[in-house]
Every structure is written in C-alpha cells, then in structure tokens.
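Numbering (the numbering used here), first residue to last: 5 to 219.
Glycine included, C-beta positions come from ideal geometry on N, C-alpha and C.
Bear in mind the structure is a predicted one, so any value in this text is a computation, not a measurement.
Below is one structure, written out as structure tokens, with a few remarks after it.
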C-alpha cells in the first residue's frame, strides 16, 4: 500500500481505492487471458477428435464451464473499468494549503461531485468552508468571508498602533522617573517678558531703574 508523498505518514483513501481497482483489473485480465488460452487448447483437441463418431461428453461439459468462467471474467473487467472511470470523473480531489492570518479556504462542490479533500493552514483565525453549494451561494459566502477577513486585518493594524503608542508613553514616563531619581524633581523657572535691571553706581547710590530700550 502506497502513501501520499505530500503528506508523510497519512494514507490517501482515494489513491488506495484507485490502486486497488487497477490491481483487480490487471489480475482479471491475466485470468481472462489464461482462460482464453485453455479454451483454445480444448477446442483444438475437440477438433482433432471431431472425426470420431461421437464427441466426448466430459470434454464438452468442460468446454461449456470454461466458456462461462471466461465470460464472467470479462464482465468483471467491465465492472472494474466503469468503477475506475467513475472514480476519476465524479470525484473532486482537493488539497488546500494556506499560510498567513485570516486565510480563507474553500472545499466546495457546485456540480454535485463527491469531494475528497483536506485543508492545511498555518496562521491565526483561519476560515474554512466545505460542502455542496450553488454558484450564487458560493459567490455570496466568498464575498462575506473576504469582507470579514479584511475588517479583521484593519482592526489588527489599529490595535498594533495603539500598542505602539502605549509603549512609547511608557518609555517617556520611565525616562522622567529616572531623571527625577538621579537629579531630583527640579524647580520650574518662570519667564518674564520685560526683565528689570538694577545696579548701583560707583558712589554707592542707586541708579534709576530703566527698562531696556528706554530713553
């Protein structure tokens, strides 16, 4: 029994069935060929003895039995041939493989064929649909599932941006706390629009206080 090379360790039922039918066809063909040869040899012997007044009844019965077996083998070959044709024409074999988040996979038959399929997907939130649907229903479901996948992707990007902003704020807050631990809270300086300059003259008296730029 062979194994499916694409899935090590797993047996493909469709392949096993097809190979089994093919093996039966080959064996029946060999049997039919052997019976055909035997029947031909027997008929040759009967022909040689046809000169006798009476034919051997036992050989006549053997010939009839051999002919019946030969016809039965031929019928079996026809049945196996039809089964193999039906297997190839009326069964849809699907092997889906998808990677990435929000992947959408379909295992659908729209023409009534039997489905032999398997899905393999790696990622977050995979979506799979299988069964028998009309073309119209399949198109509608495909649009709906694609819309949901797109919306999830947009929401995922928004959530990622929010997480990045939160991380950035946490980094700034930690930097501020580290500065305070090293240098203290500090004093906030107040700025004045027009500072007043005051100084004493050489005699110790006070000069008049003037604003910069005053005459």
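Taking the beta strand (DSSP E) that residue i belongs to, which residues open and close that run?
{"i": "residue 223", "result": "Since the first residue of the chain shown is 5 and the last is 219, residue 223 is not available in this structure."}
{"i": "residue 100", "result": "95 to 103"}
{"i": "residue 113", "result": "108 to 113"}
{"i": "residue 133", "result": "131 to 136"}
State buried or exposed for residue i, treating a residue as buried only when at least 16 other CB atoms are found within 10 Å of its CB.
{"i": "residue 16", "result": "buried"}
{"i": "residue 106", "result": "buried"}
{"i": "residue 39", "result": "buried"}
{"i": "residue 109", "result": "buried"}
Report whether the distance from the Cβ of residue i to the nearest heavy atom of the ligand ZN is below 6 Å.
{"i": "residue 34", "result": "The model on display carries no ligand, and the ligand ZN is accordingly not part of it."}
Hey, how far is the Cα of residue i from the Cα of residue j?
{"i": "residue 120", "j": "residue 88", "result": "15 Å"}
{"i": "residue 220", "j": "residue 21", "result": "In this structure the chain extends from 5 to 219, so residue 220 is not present and cannot be described."}
{"i": "residue 115", "j": "residue 136", "result": "8 Å"}
{"i": "residue 37", "j": "residue 84", "result": "17 Å"}
{"i": "residue 47", "j": "residue 100", "result": "58 Å"}
{"i": "residue 154", "j": "residue 131", "result": "13 Å"}
{"i": "residue 102", "j": "residue 126", "result": "6 Å"}
{"i": "residue 142", "j": "residue 151", "result": "14 Å"}
{"i": "residue 76", "j": "residue 65", "result": "17 Å"}
{"i": "residue 138", "j": "residue 19", "result": "28 Å"}
{"i": "residue 41", "j": "residue 27", "result": "21 Å"}
{"i": "residue 113", "j": "residue 24", "result": "26 Å"}
{"i": "residue 62", "j": "residue 50", "result": "11 Å"}
{"i": "residue 148", "j": "residue 140", "result": "13 Å"}
{"i": "residue 269", "j": "residue 45", "result": "The first residue shown for the chain is 5 and the last is 219, placing residue 269 beyond what the model contains."}
Residues in the same chain with beta-carbon distance under 7 Å from residue i, minus the five sequence neighbours each way, listed in chain order, please.
{"i": "residue 98", "result": "111, 119 and 121"}
{"i": "residue 117", "result": "94, 95 and 96"}
{"i": "residue 86", "result": "none"}
Among the residues of its own chain, which have a CB less than 8 Å from the CB of residue i, if the five just before and after it don't count?
{"i": "residue 81", "result": "29, 32, 33 and 36"}
{"i": "residue 43", "result": "67, 70, 71 and 74"}
{"i": "residue 220", "result": "Since the displayed the chain opens at 5 and closes at 219, residue 220 lies outside it and no answer follows."}
Spatial neighbours of residue i within its chain, please: C-beta separation below 6 Å, excluding the five flanking residues on both sides.
{"i": "residue 221", "result": "A question about residue 221 goes unanswered here, because the residues of the chain that appear run from 5 up to 219."}
If we count Cβ pairs, one from each stretch, closer than 8 Å, do we get three or more for the region 87 to 107 versus the region 65 to 75? no
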